[in-house]
Amino acid sequence: MNTELISFHTTATSVSEALETRHSIREYLPKRIPNEILHRVFSKALRTPSWKNSQPWKVHIVNGNKREELSKELIQTAREFPPRPETSWPESYPSDAKRRMFDLGMKIYEAAGIDRKDKDARNEFMLRNFDFFGAPTAVFITTKFELNYFVGIDLGCFLQSVLLLAREEGLGTCAQASLGSFPDVVRNSLELPEEEKVILGLSIGYPKPNSELNSYHTPRESSEDLLRFY
Ligand SMILES: Cc1cc2nc3c(=O)[nH]c(=O)nc-3n(C[C@H](O)[C@H](O)[C@H](O)COP(=O)(O)O)c2cc1C
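As numbered in full-length UniProt numbering, residues 1 to 230 make up the sequence shown, in order.
Structure (structure tokens):
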């Protein structure tokens, strides 16, 4: 299937199609997602498996005025402070992963029309994370569980469920670790208890058509390199 040709306004009707046609969307239409659709996506995602059925997630779906208010606070904070996530982000990677990450940055800046040497422009682009790339809905995934590897896996499984279910509704998404950069700001704004840790989030909405940014599709390594059958 040629994913380049698939419009994001179509809906995926199989898991394979959802997987093949999903990619990160970083420009959205300012069109509100009907509540029943949001409800459907996130309620269905609650079927996600987890370690001993522990279900470590809580999910905060933020629309309207609250979304605007929180976006402003996050942008203001990100302009002044470096990220202070609940757990430190990884710092070292194998060299092949470094290459992929570098390539991703270059391609995205190119698609966004940003000169990679222009640090101010790169920084402004980074801040778009906190405007949820213009999506009408921002989502924060939190947990009260002690953070460990398996809680992370469970939350990752939940995230993937949402990304794929969104495709069934013709919606685009972008998973965002950056939305866990300032957990205290999110906690205050959403009046969450102190023990609720804000791990990451996602933007969700209707993809802007004919967007250069949205047209970039990241490559994957080959199955020959990554899969071994016995
Ligand atoms: C856990 C996780 C965190 C991510 N954080 C961000 C982020 O903060 N900002 C962003 O623009 N993209 C973020 N992404 C999107 C990745 O860059 C993207 O999934 C990857 O490059 C593969 O591209 P694709 O989603 O278009 O297939 C994140 C993805 C995942 C799974």
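Here a beta-carbon is modelled for each residue, glycine too, at the ideal position from N, C-alpha and C. Since the model is a prediction, treat every value here as computed from it, not as a measurement.
Verify the contact flag: residue i, CB atom, against every heavy atom of ligand 1, threshold strictly below 8 Å.
i	result
residue 99	no
residue 178	yes
residue 159	yes
residue 147	no
residue 218	yes
residue 205	no
residue 26	yes
residue 60	no
residue 175	yes
residue 23	yes
residue 129	yes
residue 226	no
residue 104	yes
residue 200	yes
residue 113	no
residue 134	no
residue 172	no
residue 156	yes
How would you label residue i, buried or exposed, when you count the other beta carbons within 10 angstroms and need 16 or more for buried?
i	result
residue 144	exposed
residue 27	buried
residue 89	exposed
residue 14	exposed
residue 217	exposed
residue 208	buried
Inspect the beta-carbon positions of residue i and residue j and report whether they are closer than 9 Å.
i	j	result
residue 106	residue 116	yes
residue 70	residue 189	yes
residue 45	residue 62	no
residue 175	residue 159	yes
residue 142	residue 52	no
residue 74	residue 186	yes
Practice task
State whether the stretch 9–29 contacts the stretch 160–174, with contact taken as three or more CB pairs (one from each stretch) at a distance under 8 Å.
Solution key: They touch, by the three-pair rule.
Handout entry: Those runs of the beta strand (DSSP E) which lie wholly inside the stretch 167–223 and span at least 3 residues
Key = 172–176 and 197–205
Problem - Segments assigned beta strand (DSSP E), at least 3 residues, entirely inside the stretch 19–106 - result: Segments of the beta strand (DSSP E) lying fully in the stretch 19–106: 57–62.
Exercise for the section: Could you say if the stretch 25–42 and the stretch 140–151 meet the contact criterion of at least three C-beta pairs nearer than 8 Å? Expected result: no
Exercise for the section: Taking 8 Å as the threshold, find out whether the stretch 133–141 comes into contact with the stretch 202–218 through three or more Cβ pairs. Expected result: Yes: at least three Cβ pairs fall under 8 Å.
Exercise for the section: Would you check if the stretch 218–228 and the stretch 167–174 touch, i.e. whether three or more CB-CB distances between them fall below 8 Å? Expected result: With a cut-off of 8 Å, the stretch 218–228 and the stretch 167–174 do not count as touching, because too few Cβ pairs lie within range.
Problem - Continuous beta strand (DSSP E) assignments of at least 3 residues falling wholly in the stretch 105–175 - result: 137–143
Practice task
Say whether the stretch 71–83 touches the stretch 173–183, bearing in mind that this needs 3 or more beta-carbon pairs closer than 8 Å, one atom from each stretch.
Solution key: Flag = yes, the stretch 71–83 and the stretch 173–183 touch.
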